[in-house]
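Asks: Let me begin by handing over the structure; questions about it come next.
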Amino acid sequence: MSNTATVSATAQRAADTAAGAGARALRRRKLLVLAARLGLAAFLIGGWQFVTSVGWLDPFFFGQPSGIAQRLGDYFSQGDQATEFGSYWSQIATTLREALFGFVLGSLAGVVLGVTLGQNRFLADVLGPYIKIVNAIPRIVLGSIFVVAFGIGETPKVLLAAVLVFFVVFFNAFQGVREVDRNILANARVLGASPLQIVRHVVVPSALTWIIASLHTAFGFAVVGALVGEVLGAQSGLGLVIKTAQNSFDPNGVFATMSVIAVIALTAEWLITRLERRLLSWRPPAPSESAAI
Amino acid sequence: MAVRDDVVTSPAAGRGDRAGARIELSGVTKRFLTPSGEAFTATRDVTFAVEPGQFCAVVGPTGCGKSTTLSLVSGLDRPSEGSVRVGGHEVDGITEGTSFMFQADALLPWKTVLGNVAMGPVFRGVGKKQAQAAARDWVRRVGLAGFEDHHPHQLSGGMRKRVAMAAALINEPSILLMDEPFGALDVQTKAIMQNELLTLWEQLRPAVIFITHDLEEAVALADRVVVMTSGPGSVKAVYDIDLPRPRGSVQTIRFEPRFLELHHQIWESLSEEVQRAYARTTGETS
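If you read the protein sequences in the order shown, they are chains A and B.
Final position of the first sequence in the numbering used here is 298; the numbers increase by one with none missing.
Final position of the second sequence in the numbering used here is 339; the numbers increase by one with none missing.
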């Protein structure tokens, strides 16, 4: 008895030290990765600053990190005087509103149509070539049509964002419905599920993996749609800020607004990842973690 | 936990039509259109019957249309010729009171064990609470109490089979269709699941059509073994298994002289078909 007790105690201690060493190694690796990341950023931004300060590149054309930081400070500190069309915050709000509406509109339409066509082979065969044709059109150009038709308010931007989002979500939802396990479908039918119950309990949850995967790229497209719409013609918004900066030969302004947009996109990405974790919590953890990069 | 006891799944439910759940296939031929546009005959002139409450195993070489036969009985598919009758009625639409069990488990990965088992009653329009209570009872009956909130990917293959079994039996089907349900399990788990299936079957007595490659499994479980010829499938012979019930452990019945006798007899008929099917596949590929 005492022998086994000692043995198990020793084994326990060995396991503890092993676990401790493992945790230390893991922490060290994490720190190393973080340090390398910061180093890379410092190298790139510092290098940019350096080549523009010594004159190898002209900061008038290519901007300069210090100038961008200063411009950002100006944008956020000058209140209503920050831009010719009101405060910088209100520009952000405009673009965000357009992108969000477009995102919601486009994803809803994409999911509904994707699920419907995925379920209905006849409809899919009839509409399939037309959807391919419309998808082949460079849809950014539609922005011009929308501006002509709906003026320079927010509507054309919302529509452009929605159109861009729609196709991404639609194709994924369609594919997701097509990939539903045939055995599961047969099983549900034999158990007496009505077509509506099959959609609700089997098809939509099954396609959700695909749909959510598409939302990551879709939000990016929504922002692009809103910005391009604003560049084409607007009264306010970040796209207009960029266009004005471009017209006044101010690359720092362009880069500053670009970095603000990047922050918005990253925040949205983070939110969508949270949503994904919640909705797809049933999934085995491995794939989503390896995809977390 | 108290919920379990006050829900006694009534043995009368679904039993009314059980007496009429005789499955009759007569002269059933099923042709499919291959993607290249050719007609492929899966089964030809299949005729056999399963009595209400009878356990019928179907054995045959690969590609002899065994699974096709099941989808015809369940009503997922229609025969090209001949008739499939359940309880005297021609099958059109999904056959009432049927449950399916596949080789790959048809569990919904996004639902918990409880949610999966509860699907049967939910699809039939039973209230959510009632469905969950019934599901809880069935989860316990297949020995998975405590795993109600797990998702399928957290379970072992054998446990997933138990969930599938509970999900198939919760509606107290009068017909249970099983398509190589234990084909992917390891030998030990398979034996355990076979015993469990027999125990549950003896409680509910649905008519069973059990498709398998494994002749030992067929003889150990079934009242009747149907041997099918290789593609296009048709019935070669039907054997009635007169081993007494309850059979007891599937592992020990294998050593009884009568079992060996029947096994030998059926194997002679089956092996011929297996060899023919094998010769054909190797002949085609080379």
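Just so you know, even glycine gets a beta-carbon here, dropped at the ideal spot from N, CA and C.
Within the 8 Å Cβ cut-off, does Pro-162/B reach chain A?
Replies: yes
Asks: Give the DSSP-derived three-state secondary structure of Leu-110/A in the structure shown.
Replies: In this structure, Leu-110/A counts as helix in the three-state DSSP scheme.
Asks: Quick one, which residues of the segment 199 to 218 of chain B are near chain A if we go by CB-CB under 7 Å, in chain order?
Replies: His-204, His-206
Asks: Determine whether the Cβ of Ala-141/A lies closer than 8 Å to any Cβ atom of chain B.
Replies: no
Asks: Any residues in the segment 109 to 139 of chain B with a beta carbon nearer than 9 Å to a beta carbon of chain A? Which ones, in chain order?
Replies: The segment 109 to 139 of chain B vs chain A, Cβ under 9 Å: Ser-124, Ser-127, Gly-128, Leu-129.
Asks: Label His-316/B either buried or exposed according to how many other C-beta atoms from any shown protein chain fall within 10 Å of its C-beta, with 16 as the threshold for buried.
Replies: buried
Asks: Which residues share a DSSP beta bridge with Lys-8/B?
Replies: As displayed, chain B neither begins before 54 nor continues past 339, which places residue 8/B out of reach and without an answer.
Asks: Go through the segment 178 to 238 of chain B residue by residue and report every complete run of the alpha helix (DSSP H) that reaches 4 residues or more, in order.
Replies: 181 to 194, 210 to 222
Asks: In its own chain, which residues sit with a C-beta less than 7 Å from the C-beta of Val-56/B, not counting the 5 before and 5 after it?
Replies: With a pLDDT of only 38 at Val-56/B, under the threshold of 50, the placement of this residue in the model should not be trusted; the figure read from the coordinates follows. Same-chain partners within the cutoff: Ala-186, Arg-189.
Asks: Roughly how many angstroms lie between the CA atoms of Thr-273/B and Ser-120/B, to the nearest whole one?
Replies: At residue 273/B the sequence reads Ala, which differs from the Thr that was named. Straight-line Cα distance between these residues: approximately 21 Å.
Asks: Could you tell me the distance, in whole angstroms, from the CA atom of Glu-233/B to the CA atom of Val-139/B?
Replies: Spanning the two alpha carbons is a distance of roughly 22 Å.
Asks: Strictly below 7 Å CB to CB, what residues from chain B border Val-168/A?
Replies: For Val-168/A, no chain B residue has a C-beta closer than 7 Å to its own C-beta; the minimum C-beta separation is roughly 31 Å.
Asks: Would you list, in chain order, the members of the segment 185 to 203 of chain A that have their beta-carbon closer than 8 Å to a beta-carbon of chain B?
Replies: Asp-186, Asn-188, Ile-189, Ala-191, Asn-192, Ala-193, Arg-194, Val-195, Leu-196, Gly-197, Ala-198, Ser-199, Gln-202
Asks: What is the DSSP secondary structure of Ile-264/B, counted as helix, strand or coil?
Replies: strand
Asks: Measure the alpha-carbon distance for Gly-158/A versus Ser-219/A and round it to whole angstroms.
Replies: 28 Å
Asks: Do we get a CB-CB distance below 8 Å when we pair Gly-146/B with the residues of chain E?
Replies: Here chain E cannot be found, since the structure's protein chains are A and B.
Asks: If you measure between the beta carbons of Val-173/A and Val-208/A, is that distance less than 8 Å?
Replies: The Cβ atoms of Val-173/A and Val-208/A do not sit closer than 8 Å to each other.
Asks: With contact counted as at least three CB pairs below 8 Å, one residue from each stretch, are the segment 197 to 216 of chain A and the segment 158 to 170 of chain A in contact?
Replies: no
Asks: Taking the alpha carbon of Pro-105/B as the reference point, which residue from Gly-141/B, Glu-270/B, Val-99/B, Ala-332/B has its own alpha carbon closest?
Replies: Checking every option, the nearest Cα to that of Pro-105/B belongs to Gly-141/B.
Asks: List the residues that DSSP assigns as beta-bridge partners of Val-291/B.
Replies: Val-279/B, per the DSSP bridge assignment.
Asks: The beta strand (DSSP E) that contains Glu-138/B, what's its start and end?
Replies: Here residue 138/B is Arg; the residue named in the question, Glu, does not match the sequence. Unbroken beta strand (DSSP E) run through Arg-138/B: 134 to 139.
Asks: What is the DSSP secondary structure of Val-112/B, reduced to helix, strand or coil?
Replies: Collapsing the DSSP output to three states places Val-112/B in a strand.
Asks: What number of angstroms, rounded off, separates the C-alpha of Gly-148/A from the C-alpha of Ile-269/A?
Replies: 22 Å
Asks: Using a Cβ cut-off of 8 Å (strictly closer), state whether Glu-294/A contacts chain B.
Replies: Confidence at Glu-294/A is low in this model, with a pLDDT of 47, below 50, so the placement of that residue should be treated as unreliable; the coordinate-derived value is given next. It does not; no Cβ of chain B falls within 8 Å.
Asks: Can you check whether the C-beta of Arg-411/B is within less than 8 Å of a C-beta belonging to chain A?
Replies: The shown model of chain B, from 54 to 339, leaves out residue 411/B, and the question about it has no answer.
Asks: Nearest-angstrom Cα distance between Asp-295/B and Asp-276/B?
Replies: Straight-line Cα distance between these residues: approximately 7 Å.
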